[in-house]
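Notes for the one structure printed next.
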Amino acid sequence: MFENFSMWPARASTTAGNVDALFIFLVALASFMSLAIFIMITVFAVRYRRRPGLEAEQIEGSHALEITWSVVPMFIFLFIFGWGAFIYFQERTPPQGAATVYVVAKQWMWKLQHEEGQREINELHVPVGRDVKMIMTSQDVIHSFYVPAFRIKQDVLPGRYTTAWFHATRPGTYHLFCAEYCGTQHSGMIGQVVVMEPAQYQAWLSGGGATGSMAQNGAAIFQQLGCSTCHRFDTQGRGPNLTGVFGSKVQLEDGRTVVADEEYVRESILSPASKVVSGFKPIMPVFQGIVSEDQLNALVAYVKSLSKPPAGAAATPGMKPQAEMQP
Amino acid sequence: MSDSDSMAGGSLVAEHEHGPELRHHFATVEQQREASTLGMWLFLATEIMFFGGLFCTYLIYRYWYYDEFAAGSRSINIWMGAINTGVLICSSLTVALSVRAAQTGKRKTLIVLLILTLLFGVAFLGIKGVEWYQKFEEHHVPGLNFSAADLIRDYPQLHIDPHHVQLYFSLYFAMTGLHALHMVIGIGVFLFLLYESWKGRYTPAYHTPIEIGGLYWHFVDIVWIYLFPLLYLIDRKPL
Amino acid sequence: MSSAALNPERPNYLNQEYGIRSWLLTVDHKRIALLYLLSITFFFFIGGFFALLIRLELLTPAGDLVQADTYNKLFTMHGMVMIFFFLIPSIPAVLGNFLVPLMIGAKDLAFPKINLLSWYLYIIGGVMMLHCILTGGVDTGWTFYTPFSTAFSNTRVIEAGLAIFIAGFSSILTGFNFVVTIHRMRAPGMTWTRLPLFIWAHYATSIIQLLGTPVLAATLVLVVLERGLHLGIFDPALGGDPLLFQHLFWFYSHPAVYIMILPSMGVVTEVIACFSRKRIFGYNFIAMSSIAIAVLGFLVWAHHMFVAGISLYSALVFSMLSYLVAVPSAIKVFNWTATMYKGSITFSTPMLYSFGFIGLFTMGGLTGLFLAALGIDVHVTDTYFVVAHFHYIMVGGAVMGYMAGIHFWWPKISGRMYPEAWGRLAALIVFLGFNLTFFPQFVLGYMGMPRRYWQYPPEFQVLNVLSTAGSTILAVGYLLPMIYFLWSMRYGKIADANPWHAAGLEWMTPSPPPTFNFDETPVVTWEAYDYANIPAPEEVPVER
Amino acid sequence: MSEHVISSKLYVGIWATLMVLTAATAGVAFLDLGPFNTVVALVIATCKALLVVLFFMHVKYTSERMTKVVIAAAIFFLLLLLGLSLADYTTRLVA
């Protein structure tokens, strides 16, 4: 029972250090404040305990004191707010160029897929020293992706994407918990994050039974569902050309502009009518209930890949099925 | 709710300031009346927050799914909504006048006005019922027979996802339904007031139940004054 | 209640009438308070029983005592029973009901029948809850999060929702009665600045009950409709947004925490003034901080949702607002401490509970600062850190205050003294048991143990064992008062009108008070906490 | 009792105004005012509500301060609920 007993969680990401620093500061502050109050109460209780000849002295109050002990805590609180907000801002802003892992949560397991195509269940392998961003959704109820060693947690919702990111700093195996109550086996919805040295990670990647990258899978689904009939790679299609769309600003038919992020691509597939691109008709069929979350993720990865700067001059055409689509 | 107490208190004809309608724990009739009135206003404040939860839900989804809300709104009968608004405003007038009749001690006028109020209330519910029945015929009742196929056919200009239309109709029925429930309670309260007036229990000196019953009725009217534009008038401009 | 507790010399509210009918149809606020006392005590022990089972299950990392489903029902029903059927009515419906009219010099609450109706609604809700528990229970967590509650759980969600809906109306009616009573029924001379701070606390509580509870009611209606008719108002599969449910739910349920803690603060203020024999330090600031907490408490709800998927900007706003509400709480703690300065302090049982309250509430409040800090909340929300935090507030704070109040006013309620030595012993046991139960949970939480876990990794076991050990001590601490209060009703020393030599109108009428509270309507000509003009008791008023 | 008895004429006048406003709001709905359709509808509704509250519910004549405080408080908390919830929804896409 005392094996591997400890009082502090492993610290294995860049965020963890920041969170711990604020936490330690707060522990110190809270200890100081509670000790101050406990000591005062104890001293008063003993010093002014009831005994013969000691009369209570009636004191009305003191405005100076009241203002001091309202304003001083207020400034301390604002300072804590600022510090906490700073960390949170970092936690919610994934750095550019992070490797992407798609996460689908369901009762009661985690399904993860790397961009390169490797699928994992309840296990996530990542290299040390690299930014990793997770794009997450749920197939049923709300779950929450929680890795204590990284100090990150993000609820995973059905029907939309949420994201989280981390930068692992220490190789090892860490808990992955579901932190939002999700039904019978909530406490069984646990897994592990394996942080590996980059070389080991490469070995693991190549050893896995990946069947093509997610973008490649996505390209196949894109064909299979007939998306490519309208979303052509010229300006003749009935739907917008998707090259370079991801990450750009899109002008909508009703005058609004949105950034084409994962959420937008997802929404446009599932419920195309809600945000129609300017100049196009809302003729695309609804894919809600037709594509699975896994297929959806692959499609998103594919659309994203259409905006990546070409790795080599000849590398891109293989992914674009435009050749067949010329009239 | 708050009126039941003072009503029970007024079980006998009040002859003068310290008539038997004064309950034991109040010092004066004035204090009792002020307590009842404040109580009613507080109750109305909780009612505002109760409908507030529904309005909040409405607001968010209307913001998200404007087109579907517009289509749903177009499909309900604006004229029935407008006539019902008129009916409720008329009933509010008769309620206001009945308070006046009580203040000035005109028992017969009071009774006539209360009957009129009840008639308007029943008329409102009747029209509401017809409207709901139409929705049922059009297969627009969520959880029962819902289909948005007709809206998709009729409004090709709007982007319509049937689920989101269903949200509109869920809120439509929840809000008009709870409003109608309040009307039913109001009619119950006014039947009681009518009975008491018939017995001549309200005088210029003591008619608090009429007053606070009236406050409740006006509040239910105000809720409808907002429901009408929010549900019926979302988007009526020519397409 | 036992008729043996009565002083036969004088008619009082207990011996005025006899028989079940005289209790079940009473409109006397004091009798209704006792009806509430009995019923919430019953639910407290039900909820406590669930808590003990939870702690026993967590003694070992494996899920070996009960099934996973059973465990989920246990923590759900522990939460629902404790929050909606014990904590929220606890002080307002028992002590508030008993004392608000007495303290302001009124004969009764403004609407005695509505007061009785409120108890009946509570009982109807309670019976539904019991029926729900006995016929299979519910497993959504007390928070009813959608879409789990509306589309996935296969337990009795609708019944539990309706039970809470009805209990909510009971709570609204109590608050409503208090506000009207405090406005309209004060005795001559009882101005707003002469009101005991207990009254101010209840006034603030009532505002929350009146304006927050209806939103919960509306939300529960939508949940019930959605589950019953498969509507999809909060179900993303049908276009709804589960976060909207969370917004509406927490709009009530965060301020609900203040429904639990504010009355407790009121009790502690009375007790500290009395046993320090002093005017309260900074009367206006304590009064206004109660109102400030009630209002600001409505501005912070989404701090329960920092990782739920709300927008970054709205998280920043809610975090900052959450720090604002900490200020009035801090003001109260400082003022209580300052009140003791140069006092003449007696360590009676209520005072010991109040010390406990200040200590535990301070720790609960300070850990609230951790949770309001966005960066830390991401790590510790939905872990045992949160569990520990809110138990420090609700059990360490609210229940400690409730115990202080029950002891302080027991002579007034029953006409008998409780055994002081046993009282002190129980207070000490509760304090120690509480800390042993919940302090380890802070560490567990920061270590990363999620809440609502039926089984857990073995490295968390040591701290869980400590916590379970503490919970058994805590149980003893709560059972003891049950026993000696019952004992005191027959054998306790007869209490005189004012055994503590306390200030306040409730002490100027006999113990137990007559049915209409005062033989003559009092006229108030003095300020609150006029301890300068009340002689201290000859000897420390305790039974040895 | 410090009750104010309002003349029947005034009541009927208020009623007539309310009826006209109802007709107006239904009529205006058919014009295309862009986003102002909603604004106009809500402004008219608020005017109607105000008339009912001030005259039919006697708030204009009451000497009771608390009535106004209660109304103001309820509206304030209602706006809090709507405003702070909407604040989340309107800023979700930005981040």
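Chains as they are written, first to last, in my numbering: chain A, -14 to 312; chain B, 128 to 366; chain C, 1158 to 1701; chain D, 844 to 938. For glycine and all other residues, C-beta sits at the position ideal for the given N, C-alpha and C.
| Query | Result |
| --- | --- |
| Meets three-Cβ-pair contact criterion under 8 Å: the stretch 92 to 104 of chain A and the stretch 1558 to 1566 of chain C | no |
| Any chain B beta carbon closer than 8 Å to A/S267 | Reading off the sequence shown, one finds Pro at residue 267 of chain A, where the question assumed Ser. Yes, because at least one Cβ of chain B sits closer than 8 Å to the Cβ of A/P267. |
| Collapsed DSSP secondary structure at A/V244 in the structure displayed | strand |
| Contacts that C/H1359 makes with chain A (C-beta to C-beta distance below 7 Å) | Per Cβ cutoff of 7 Å: no residues; C/H1359 is ~22 Å from chain A at best. |
| C/G1283 and C/S1410 closer than 8 Å at C-beta | no |
| Chain C residues whose Cβ lies nearer than 9 Å to that of A/F314 | Absent from the structure is residue 314 of chain A, since the part of chain A shown begins at -14 and ends at 312. |
| Delimiting residues of the alpha helix (DSSP H) encompassing C/K1569 | 1557 to 1571 |
| Helix, strand or coil at A/C167 [DSSP, three-state] | coil |
| Cβ-based burial, C/Y1228 [other Cβ within 10 Å; buried from 16] | buried |
| Alpha-carbon to alpha-carbon, D/M862 and A/Q221 | 55 Å |
| B/L149 Cβ short of 7 Å to the ligand COA heavy atom set | The ligand COA is not part of this structure, which contains no ligands at all. |
| Cβ contact (3+ pairs, closer than 8 Å) linking the stretch 319 to 335 of chain B and the stretch 214 to 222 of chain B | no |
| Cβ-Cβ separation, A/A41 to C/R1351 (assumed contact under 8 Å), whole Å | About 20 Å; that fails the 8 Å criterion. |
| Nearest-angstrom Cα separation, counted from C/I1443 out to C/K1489 | 6 Å |
| Chain A contact for B/D277 (CB, 8 Å cutoff) | no |
| Whole-angstrom distance between D/T905 and D/H847, CA atom to CA atom | 8 Å |
| Among B/G199, B/G166, B/I361, B/S163, nearest to B/P289 - alpha-carbon criterion | B/G199 |
| Chain C residues whose Cβ lies nearer than 7 Å to that of A/S129 | V1464, D1539 |
| Bridge-paired residues (DSSP) for A/R104 | A/Q98 |
| Closer than 8 Å to chain B by CB, C/D1296 | no |
| Chain-ordered neighbours of D/Y904 on chain B, where CB pairs are closer than 8 Å | Simply none; closest approach about 12 Å. |
| Bridge partners - A/T122, DSSP secondary structure assignment | A/V89 |
| Inter-residue Cα distance where the pair is C/G1554 and C/L1509 | 13 Å |
| Contact set for A/W189: own chain, Cβ-Cβ below 6 Å, skip 5 residues either direction | H110 |
| Chain-order list of residues whose beta-carbon lies under 6 Å from that of B/F273 (same chain, five-residue window excluded) | Q293 |
| Sequence ranges, alpha helix (DSSP H) only - wholly within the stretch 1653 to 1685 of chain C, length at least 4 | none |
| Interface flag, D/T934 vs chain C, CB-CB below 8 Å | yes |
| Minimum Cβ-Cβ distance from D/L922 to chain C less than 8 Å | no |
| Chain-ordered chain B contacts of A/S290 [CB-CB under 8 Å] | Neighbours of A/S290 on chain B: none; closest Cβ ~28 Å, over 8 Å. |
| Span of the beta strand (DSSP E), counted from its first residue to its last, around C/A1219 | First-last for C/A1219: undefined, no H or E at that position. |
| CA-to-CA distance, C/H1340 to D/T910, given in whole angstroms | 12 Å |
| Within-8 Å CB hit, B/C217 to chain C | no |
| Distance between C/I1691 and A/F29 (C-alpha atoms, nearest Å) | 22 Å |
| 8 Å Cβ cut-off: residues of chain D touching B/T164 | E907, T910 |
| Inter-residue spacing [alpha-carbon to alpha-carbon] between B/D130 and A/Q170 | The predicted model places B/D130 with a pLDDT of 37, which falls under 50 and marks its position as unreliable, so this point remains unresolved. |
| Continuous alpha helix (DSSP H) stretch holding C/Y1228: start and end | 1225 to 1237 |
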